[in-house]
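Heads up: the sequence lines are chains Y and B, in that order. Residues 1 to 115 in the numbering used here are what the first sequence spells out, letter by letter. Residues 1001 to 1115 in the numbering used here are what the second sequence spells out, letter by letter.
Number of protein chains: 2
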Amino acid sequence: MKKTVHVFKALSEEIRLRIMALLEEGELCVCDLMAVLGLPQSTVSRHLAYLRHAGLVEGERRGMWMYYRLADRADGLAGELRLLLARCLPDLELIRQDRQALADYLARKDQDTCN
Amino acid sequence: MKKTVHVFKALSEEIRLRIMALLEEGELCVCDLMAVLGLPQSTVSRHLAYLRHAGLVEGERRGMWMYYRLADRADGLAGELRLLLARCLPDLELIRQDRQALADYLARKDQDTCN
DNA sequence: CCTGTATATCCGCATAAGCGGATAATATCA
DNA sequence: TGATATTATCCGCTTATGCGGATATACAGG
């Protein structure tokens, strides 16, 4: 029961819902999320840690970067909630804005790499 | 977005999840929930108010009693969450115990009425 | 009205949770 | 090893949340 409550708590915060929606687009590192959300690093890392402890997200270090993605083998509740979020979050204007900001950011990032 | 967060907050509390599971069995008044959960009246009423404000539950006064039930016309998110809870909550031992306690309580109640 | 019952709300208190700058830990590269 | 970049954690602070006794409100019956 504690675990169930913890999963719901993890999703009952605006920034964490926005992060979940962004990770739905694919894995991202902390600095990607900082740039798109416009939030300080400690805030982003803290929320990612919360989501990770709830089993909703998993991280993998590659070099200096920590890449986060939605947890693959999410058990019953977490898995169902992921599907639910995928259906319901795009209804929210702020979520759509974030996803557009992510697309813009990734385009800019790729372009810079070519310079 | 605030509404979405509010709905998740409503479900990220043990007592409120237990209440949701009990109301899945049918409408109940505050004193029924007090008896089954073994909690003081102010605590039960407060949690019911929280669930009501989140649109997950609705109440109807009949005489001296307020009967609460799961909200019928739950919109997108609330509706999806109700289905999800119906699937996932019975996995939890505490929830099954509560439902058994409810069944016992209702049986006793009916019997007393016949006296 | 007055009394008793059921429920909602108020209140002060204790704990939890979010914030973001500061610091520590980890990794890369010279 | 030293300098730099990325991320995690610590810290003090503020706000939010839950608690349950006390009080207020709503209703039924005399």
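All C-beta atoms, glycine included, are put in the ideal place defined by N, C-alpha and C.
Assumed close pair residue i, residue j - CB separation to whole angstroms, cut-off 8 Å
{"i": "Y/E27", "j": "Y/A86", "result": "Going by Cβ atoms, the distance from Y/E27 to Y/A86 rounds to 16 Å, so no, they are not a contact pair."}
{"i": "B/C1029", "j": "B/Y1067", "result": "5 Å"}
{"i": "Y/E58", "j": "Y/A71", "result": "5 Å"}
{"i": "B/V1005", "j": "B/L1077", "result": "The pair is not a contact, with the Cβ atoms about 11 Å apart (cut-off 8 Å)."}
{"i": "B/A1010", "j": "B/A1054", "result": "4 Å"}
{"i": "Y/L102", "j": "Y/V36", "result": "5 Å"}
{"i": "Y/M1", "j": "B/E1014", "result": "6 Å"}
Listed by chain order, chain B residues near residue i by CB distance under 7 Å
{"i": "Y/M20", "result": "What Y/M20 touches in chain B: nothing, since even the nearest Cβ is about 11 Å away."}
{"i": "Y/L77", "result": "C1088"}
Residue i, buried or exposed, once every other Cβ within 10 Å from all chains shown has been counted against 16
{"i": "B/S1012", "result": "buried"}
{"i": "Y/D104", "result": "exposed"}
{"i": "B/D1091", "result": "exposed"}
{"i": "Y/R16", "result": "buried"}
{"i": "B/D1098", "result": "buried"}
{"i": "B/C1114", "result": "Residue placement at B/C1114 cannot be trusted, given a pLDDT of 41 that sits under 50; what the coordinates show is reported in the next sentence. Label assigned to B/C1114: exposed."}
Contact list for residue i against chain Y, beta-carbon separation under 8 Å
{"i": "B/M1001", "result": "E14, L17, L92, E93, L94, I95"}
{"i": "B/E1080", "result": "L84, R87, C88"}
Neighbouring residues, chain B, relative to residue i (Cβ below 8 Å)
{"i": "Y/V5", "result": "S1012, E1013, E1014, L1017"}
Proximal residues of chain Y, C-beta to C-beta of residue i below 7 Å
{"i": "B/G1055", "result": "In chain order: nothing, as chain Y lies at least about 14 Å away."}
{"i": "B/K1009", "result": "S12"}
Is it true that the region 1078-1097 of chain B meets the region 1012-1021 of chain B, where meeting means three or more beta-carbon pairs spaced less than 8 Å apart?
-> yes
In chain order, which continuous runs of the alpha helix (DSSP H) of length 4 or greater are located wholly inside the region 37-88 of chain Y?
-> 41-53, 76-88
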